[in-house]
Structures are given as structure tokens and as C-alpha cells.
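Undergrad: Once you've had a glance at the structure underneath, I'll fire off some questions.
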Amino acid sequence: MADISRGKFITFDGLDGSGLTEQVEMLREWLRRSGCDMYRVAFTAEPSQGPAGTEIRHALQGRLNIGEEALALLFAADRADHLDRFILPRLEAGIHVICDRYYLSFLAYQSHLLPDAWDWLWQLNARNWRPDLTIFLQSPPEVCMERIQQKFEPERYEQIEILRGVSMQFNRIIPLLRDERKEDIRIVDSSGSMESTHQSILKLVAPLILPPSEDLPKE
Amino acid sequence: MSETSPTSKFIVLEGIDSQALQEQAESLYSSLRKDRARVHLTREPSDGPFGSQIRLILDGRLDVDEATLALFFATDRMDHLNKRGGILERLESGEHVICIRYCLSSFAYQALHSDLKWLRWINAECRLPDLTFFLDTPLDATLEGLVKSNSYTADELGQERKRLGKVRENYLMAIEVLRVEGEKIVVVDGNRSAVAIEKDIKKHVDNLMG
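Protein chains in written order, with my numbering: chain A, 2 to 220; chain B, -8 to 201.
Here it is in C-alpha cells:
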């Protein structure tokens, strides 16, 4: 029987430069302004703030030299730690958790970088807690690259060839997760204005987070 | 994965008695050096960044759950294999590698908390050893050694005995599974003098080297 008091787990995934972090921030701002009880909603991200997450960030920044397979396992370790310490306890306590990047990104990136390891990557992920809703921000790789180039320092995977390859993987994996694991994944076009992307996201997320009596966002 | 030199061998030592493993690994290393072989001795958790995290966790200084720890071991192992100067590079250069603890340790110790199928999956990309020795040391001898270097209450000793007993069972179960799949694993009777064990191990290694 579904535990109706458990919090909702909503994840955001997409290419680097698709606007994930900005959109999650806009969502948080909107919830706050809308009078949402912010003690009932937790925001987090992967890589997490745990020990494995810290090492991953070092690897992404080019400070830590590590191979792709070891990095894939490190992502898996960080997810296990993140779930155990942060996500699951909050969901159990009825707190909603909104997460910037989860396993859809992992599967897409790592299956492009380790093309012969699909079964292994799938199994690394098979037992992870499933989101109630995943929002995939879709932007063409070229648009993402433009946004990335405005940053101060590009990170490990921020190159157009990688973005193109990962984009294809997202297209392959989303239907797979929908079919095989009955996952609720919604594709939101994020190539347009930040405001229009934000409005599309609100329509999907607000009904899950806000009590039924709250109004949905106006156009 | 690239071809390794056909002559270089990857030999793993496993067991519940870390001190005995250390002694036997060092003996084997010296013996191979005397034979003029190029050989490297290493261990897991490795001295890389993830090995350090694991040691913090095992010392109780850093708190993570069991699944995360199992994945840290797998991460350390992959790094130990693939890094510059790691196991694979050494084997490719014609050097033998002796490693104290490898996948089988995860299949025994982490199997106290996670199922073997999952543990095997997360370690599935690891290069198989050419030969593994499981040093089956008697529980009493192992505990005696532990008592000398740690202080245990009677209760703690009882629990440690139970835990190591279960680890040993896990080892033997995993060995069965791996042998069926073709892995060369020798169960060495540890209820003998160190010299007798040394001779036994060396005999198998000489056979392996051909």
C-alpha cells in the first residue's frame, strides 16, 4: 500500500548547460514566495556534500586524476550515501526532496563514456530509490555549449562531442526507464527563455508539492 | 582491456587473518625476488584517495552505510587497477603482482550486509586474478593475534568470533561460486607452521609460472 505520508522525490536531469541549477533555484524561490512551508521541502544535488561527492567534484574540476570506471563507481557510492543520509530519511519524515541531478544523468553520461559497460551501469543503478517524478530539461547540445562557454572554467565533461553523445543516450534511456521501470519522466524544453521553462516546470511540480487548495501558477 | 604480458601473473592472498596474510605475502615476494623475478607487492584498501576514505570508515572516524562502503571498496579497487603505476600497468610491463585482499574480501566481508549477487555486479569490471590463495587460518589463532593488538571485552571477543566465523563461511561460499566459473582458487590449510604454508604456496606459484 502506498505510504501517503511519505514525501515526494522529484529529480531534475539534463545536459550540462541545459539550465538545471537555474531552474531548481527558480523553483525554490517560487515555492518560498508562494508561502510554501520550506521546512517541508528539501533541496539537494548530486554530486552530494558527502565524502564521495567531494571527490567527484575534484574529479570533475580536473583536480583529481581518476579513470571513468572508478568515477562511475564513485557516483554510485555517492548516490548510496546521499540516499541513506539525506534523501530517504527526509522522504520517510514526509519531507519532499527536490534533487538537481540523479541517476538518469549518470546513466546517460556514463553510457556514452563507457560504451561497452551498459549492463554493468544498469546494475549499478538497479536498486536505487526511484523518483516520483523526473523532469528532463531538453536543450540542443549547441545551445548548452553556448551557456557553458560563459562559465569561468569548463569542467570534465563540458565539450561539444561529449554533449552530443550524451544527448543521444538521454534519448535512448528515457523510453527505456519509462517502459522497464514505469518511471514518470517529463521532458521540458529548456532551449527557450528561463521564464517559460520555469512555468512549464511549475505546472508539473506544484501539484505534487503544494496542498490541493493552492492555486496553480497563472500564465 | 589491453593484453597483459603472458608471463606476468596476478596473485591474490585472502583470509580472515590479516597478520598471516602479510607474513605469507612478504615471504612469497622475497622468494620470487630471489628467483630474479620482477614482482610488486600491494594490498587493498590501496594507498589511493579511496583507500584512505575506507580506512577512515573502518576506524570509525567517518560514518557511511554498508552499501556505500561496499561501493567505496569497488571504487578503490578499480582505481588500484587502472591508475598510473597500478596493477594493470605493472602486469602489462611484465611485472608479477601480489595483492593482499581483492574482490573475494568484498564477497566475504561486505556479504555480511549485502547480497553476493550485487557485490559481484559492482566488482564485475575487475580483472580476474591468475591465482588466489585463501589462507584458512584457525579462528582461535586469529583471535589470539587480534587480542594482542587490541583490547576486547569478553562480549566483544565473542561477537568478533561470531563475525569472523561468518566471514569464513562467506569466503567458502564465494569460492565455490567462483571456482565453478573457472577461477583458480587454492584453499590453504592455515593450521600449520608459517614455513609449511610458505612452501605450499610457493609450490603452487611455481606451477603457475611454469
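Where is the CB? At the ideal position from N, CA and C, for every residue including glycine.
1. Quick one: grab the DSSP three-state call for A/T45.
2. If we call anything under 7 Å between Cβ atoms a contact, is B/S97 one with B/H71?
3. Would you say B/T33 reaches chain A, if we count a Cβ-Cβ gap shorter than 7 Å as a contact?
4. When the Cβ atoms of the segment 56 to 65 of chain B are set against those of the segment 8 to 17 of chain B, are three or more pairs found closer than 8 Å?
5. Using beta carbons (cut-off 7 Å, strictly below), is A/G8 in contact with chain B?
6. Can you tell which of B/W112, B/A16, B/S84, B/G149 has its C-alpha closest to the C-alpha of B/S126?
7. For chain B, check one thing: does any of its Cβ atoms lie closer than 7 Å to the Cβ of A/A46?
8. What residue from A/T12, A/W123, A/L72, A/T55 has the CA that sits closest to A/E181's CA?
9. Should B/S(-7) be flagged as near chain A, meaning a C-beta pair shorter than 7 Å?
10. How many angstroms separate the CA atom of B/N198 from the CA atom of B/V178?
11. Among A/T12, A/V206, A/S192, whose alpha-carbon lies nearest the alpha-carbon of A/D101?
12. Counting only beta-carbon separations shorter than 7 Å, does A/D85 have a partner in chain B?
13. Any heavy atom of the ligand SAH within a distance shorter than 6 Å of the CB on A/R182?
14. When you check each C-beta in the segment 88 to 116 of chain B against every C-beta of chain A, which residues fall closer than 8 Å?
15. Of the residues A/R157, A/L138, A/Q150, which one's Cα is nearest the Cα of A/T198?
16. For B/Q101, does the count of other Cβ atoms within 10 angstroms reach 16, so buried, or fall short, so exposed?
17. Excluding five sequence neighbours on each side, which residues of the same chain lie with their C-beta closer than 6 Å to the C-beta of B/R159?
18. Mind listing the chain B neighbours of A/E181? Cutoff is C-beta to C-beta under 8 Å, in chain order.
19. Can B/I113 and B/R34 be called in contact, C-beta distance under 7 Å?
20. What residue range is occupied by the uninterrupted beta strand (DSSP E) comprising A/I99?
21. Assuming A/G18 and A/M146 form a contact by the criterion Cβ under 8 Å, report the distance between their Cβ atoms to the nearest whole angstrom.
22. Give the range of the alpha helix (DSSP H) segment to which A/D79 is assigned.
23. Quick check: is the beta carbon of B/T59 nearer than 7 Å to any beta carbon in chain A?
24. Which residues in the same chain as A/E23 place their Cβ atom closer than 7 Å to its Cβ, once the five residues preceding and following it in sequence are excluded?
25. Determine the contact status of A/D82 and A/A53, defining contact as a CB-CB distance below 7 Å.
26. Based on DSSP bridge pairs, tell me the residues matched to B/I176.
27. Of all the CB atoms in chain A, is at least one closer than 7 Å to the CB of B/A165?
28. With C-beta atoms as the reference, is A/S106 less than 7 Å away from A/P142?
29. Determine, using beta carbons only, whether B/N73 comes closer than 7 Å to chain A.
TA: In terms of the structure at hand:
1. Counting from 1 along the first sequence, the entry for residue 45 of chain A is found at position 44. Three-state DSSP puts A/T45 in a strand.
2. Here residue 97 of chain B is taken as the residue at index 106 of the second sequence, counted from 1. Here residue 71 of chain B is taken as the residue at index 80 of the second sequence, counted from 1. Result no, Cβ atoms of B/S97 and B/H71 do not sit closer than 7 Å.
3. Position 42 of the second sequence, counted from the start, is the residue given in the question as residue 33 of chain B. No, no contact with chain A.
4. no
5. Counting from 1 along the first sequence, the entry for residue 8 of chain A is found at position 7. Output row for A/G8: interface = no.
6. If you number the second sequence from 1, residue 126 of chain B lands on position 135. Going by the sequence as given, residue 126 of chain B is Leu instead of Ser. Per the Cα distances, B/A16.
7. Numbered from 1 along the first sequence, position 45 holds the residue referred to as residue 46 of chain A. No, no contact with chain B.
8. Numbered from 1 along the first sequence, position 180 holds the residue referred to as residue 181 of chain A. Checking every option, the nearest Cα to that of A/E181 belongs to A/W123.
9. For the purposes of this step, residue -7 of chain B is taken as residue 2 along the second sequence, with counting starting at 1. Any reading at B/S(-7) needs caution, since the residue's pLDDT is 45, under 50, leaving its predicted position unreliable; the model's value is listed next. No, its Cβ sits nowhere closer than 7 Å to a Cβ of chain A.
10. The count along the second sequence starts at 1 and reaches residue 198 of chain B at position 207. The count along the second sequence starts at 1 and reaches residue 178 of chain B at position 187. Each residue's alpha carbon lies about 16 Å from the other.
11. Counted from its first residue, the first sequence places residue 101 of chain A at position 100. The residue with the shortest Cα to Cα distance from A/D101 is A/T12.
12. Here residue 85 of chain A refers to the residue found at position 84 of the first sequence. Closer than 7 Å to some Cβ of chain B, the Cβ of A/D85 qualifies, so yes.
13. This structure simply doesn't include the ligand SAH, nor any ligand for that matter.
14. W109, W112, I113, A115, E116
15. Along the first sequence, one-based indexing puts residue 198 of chain A at 197. Considering only alpha carbons, the answer is A/L138.
16. Position 110 of the second sequence holds residue 101 of chain B. Answer is buried; the Cβ neighbour count reaches 16.
17. Position 168 of the second sequence, counted from the start, is the residue given in the question as residue 159 of chain B. If we look at B/R159 and ignore the five residues flanking it on each side, its Cβ neighbours are I7.
18. On the first sequence, position 180 is the one that residue 181 of chain A refers to. Within 8 Å Cβ-Cβ: nothing; A/E181 doesn't reach chain B, min ~17 Å.
19. Walking along the second sequence from the start, residue 113 of chain B turns up at place 122. Walking along the second sequence from the start, residue 34 of chain B turns up at place 43. No, Cβ-Cβ distance for B/I113 and B/R34 is not below 7 Å.
20. Sequence index remark: in the first sequence, residue 99 of chain A carries index 98 (1-based). Start and end: 97 to 101.
21. Position 17 of the first sequence, counting from 1, holds the residue named residue 18 of chain A. Position 145 of the first sequence, counting from 1, holds the residue named residue 146 of chain A. Yes, A/G18 and A/M146 are in contact; Cβ-Cβ is about 6 Å, under 8 Å.
22. What you label residue 79 of chain A is simply residue 78 of the first sequence in a count that begins at 1. 69 to 83 is the span of the alpha helix (DSSP H), which, as asked, contains A/D79.
23. In the second sequence, the residue the question calls residue 59 of chain B occupies position 68. Cβ-Cβ to chain A under 7 Å: yes for B/T59.
24. Locating residue 23 of chain A in the first sequence gives position 22, where the first residue counts as 1. Correct list, in chain order: M195.
25. The sequence position of residue 82 of chain A within the first sequence is 81, counting from 1. The sequence position of residue 53 of chain A within the first sequence is 52, counting from 1. Against a cut-off of 7 Å, the Cβ pair of A/A53 and A/D82 comes out as a contact.
26. As a first step, residue 176 of chain B must be located in the second sequence, where it is residue number 185. Answer is B/T123.
27. For the purposes of this step, residue 165 of chain B is taken as residue 174 along the second sequence, with counting starting at 1. Not one chain A Cβ lies under 7 Å of B/A165.
28. One-based indexing of the first sequence puts residue 106 of chain A at position 105. One-based indexing of the first sequence puts residue 142 of chain A at position 141. It is not a contact, given that the beta carbons lie outside the stated cut-off.
29. Numbered from 1 along the second sequence, position 82 holds the residue referred to as residue 73 of chain B. For B/N73, the answer is yes, since a Cβ of chain A falls inside 7 Å of its Cβ.
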